[in-house]
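To start, the structure under review is shown below, and the notes come after it.
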Amino acid sequence: MKRTGLIWLLLAGIMAAGVFVGCKSNPEPVEPEEIVPEVTPPEIPLVPITQEIIERVIKNGKDIKSFQYYISASITLEKEKQAELVKINNRGEGMLQKTFIRIQIEEGTKGVLKNNSGVVTGYGLEICFDEDDKKTLLFRKNSKGTQFDLVHTAGAESIVYGGERYQVRMGENNPHLLIRYKEEINSQPAVQRVMGRSISPVKE
Numbered sequence: 001m002k003r004t005g006l007i008w009l010l011l012a013g014i015m016a017a018g019v020f021v022g023c024k025s026n027p028e029p030v031e032p033e034e035i036v037p038e039v040t041p042p043e044i045p046l047v048p049i050t051q052e053i054i055e056r057v058i059k060n061g062k063d064i065k066s067f068q069y070y071i072s073a074s075i076t077l078e079k080e081k082q083a084e085l086v087k088i089n090n091r092g093e094g095m096l097q098k099t100f101i102r103i104q105i106e107e108g109t110k111g112v113l114k115n116n117s118g119v120v121t122g123y124g125l126e127i128c129f130d131e132d133d134k135k136t137l138l139f140r141k142n143s144k145g146t147q148f149d150l151v152h153t154a155g156a157e158s159i160v161y162g163g164e165r166y167q168v169r170m171g172e173n174n175p176h177l178l179i180r181y182k183e184e185i186n187s188q189p190a191v192q193r194v195m196g197r198s199i200s201p202v203k204e
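According to my numbering, the stretch in the sequence shown is residues 1 to 204, in order.
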């Protein structure tokens, strides 16, 4: 009797073990990783570079050559190359073909300052918008110092670019130089507390 009970106990244990092995626990759900969107800082506005800005930058020991410069309006430079004789027909008539060189600098084109010595001498800011360092445009501050305008020959509307003279075509407003610049007021000013001052004792 005891032997039979032991056998049943063993069989019950084996069956229970099989049931336990056969049942698999469900895995816990994995929460998706939260994606934090990248915050792009607001773009600093384009403003005309002024004599006041230049003086502030120099006063703080910075170099205005570190600025990225932009042109405020589009301009087109054009010049005529030497005419070439193309052909003479059987009637003895010749045909000349004129070739023009046209350079376009679009509004917002980036440029770099090549020489900042002109700020001290009053010559102006020499800006290069081309990969060729010799191809520069000169900008000089206006009478009020509120911006630096493109320098060109008045009346003839010509300009020297890369050592050659071009006719310049532009809109009604003379192009000037822009930079990205803004002024901020610190919301936590430096506070200096005045403790007061006592009078000196008077000797009797």
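Glycine included, C-beta positions come from ideal geometry on N, C-alpha and C. Since this is a predicted model, take the numbers as computed values, not measurements.
Beta-carbon separation (whole angstroms), residue i vs residue j, contact threshold 8 Å
{"i": "I103", "j": "L77", "result": "4 Å"}
{"i": "L71", "j": "F148", "result": "The residue asked about is misnamed: residue 71 is Ile in this sequence, not Leu. Their Cβ separation, rounded to whole angstroms, is 11 Å, which puts I71 and F148 out of contact at 8 Å."}
{"i": "K182", "j": "I58", "result": "Wrong, their Cβ atoms sit about 18 Å apart, outside the cutoff."}
{"i": "P280", "j": "H176", "result": "Only positions 1 to 204 of the chain appear in this structure, which leaves residue 280 out of reach."}
{"i": "R165", "j": "K65", "result": "27 Å between Cβ atoms; not a contact."}
{"i": "G145", "j": "E52", "result": "7 Å"}
{"i": "D63", "j": "N116", "result": "7 Å"}
Beta-ladder partner(s) of residue i, from DSSP
{"i": "P48", "result": "L178"}
{"i": "Y69", "result": "G111"}
{"i": "G94", "result": "I88"}
{"i": "D149", "result": "R140 and H176"}
{"i": "K79", "result": "I101"}
{"i": "E164", "result": "Y161"}
{"i": "R169", "result": "T76"}
{"i": "I210", "result": "Nothing can be reported for residue 210: it is not among the residues displayed for the chain, which extend from 1 to 204."}
Pick from the options that is closest to residue i, judged by C-alpha positions
{"i": "G163", "options": "I53, K62 and K134", "result": "K134"}
{"i": "T50", "options": "K81, R140, G94 and K79", "result": "R140"}
{"i": "E126", "options": "R165, S187, I35 and V160", "result": "V160"}
{"i": "N142", "options": "G111, G124 and M195", "result": "G124"}
{"i": "L113", "options": "N89, K81, E34 and I179", "result": "I179"}
{"i": "I75", "options": "K87, L150, I35 and K144", "result": "L150"}
{"i": "Q68", "options": "K110, S200 and Q97", "result": "K110"}
Counted within 10 angstroms of its Cβ, other Cβ atoms place residue i as buried (16 or more) or exposed
{"i": "F100", "result": "exposed"}
{"i": "Q192", "result": "exposed"}
{"i": "G61", "result": "exposed"}
{"i": "V168", "result": "buried"}
{"i": "G108", "result": "exposed"}
{"i": "E105", "result": "The sequence given here has Ile at residue 105, not Glu. The residue is buried, with at least 16 neighbouring Cβ atoms inside 10 Å."}
{"i": "K2", "result": "Note that K2 scores 49 on pLDDT, short of 50, meaning its location in the model is unreliable; the coordinates nonetheless yield the value given after this. Looking at its Cβ environment, which holds fewer than 16 other Cβ atoms inside 10 Å, K2 is exposed."}
Close beta carbons around residue i, own chain, < 8 Å, minus the five adjacent residues each side
{"i": "V21", "result": "Only weak support exists for where V21 lies, its pLDDT of 49 falling under 50; the value from the coordinates is given anyway. Excluding sequence neighbours, V21 sits near nothing in its chain."}
Same chain, Cβ closer than 7 Å to residue i, neighbours up to 5 away in sequence not counted
{"i": "E157", "result": "Q167 and V168"}
{"i": "A73", "result": "E107, M170, G171, N173 and P175"}
{"i": "N89", "result": "none"}
Residue i: CB within 6 Å of a non-hydrogen atom of the ligand ZN
{"i": "K65", "result": "Questions concerning the ligand ZN fall outside what the structure shown contains, since it holds no ligand whatsoever."}
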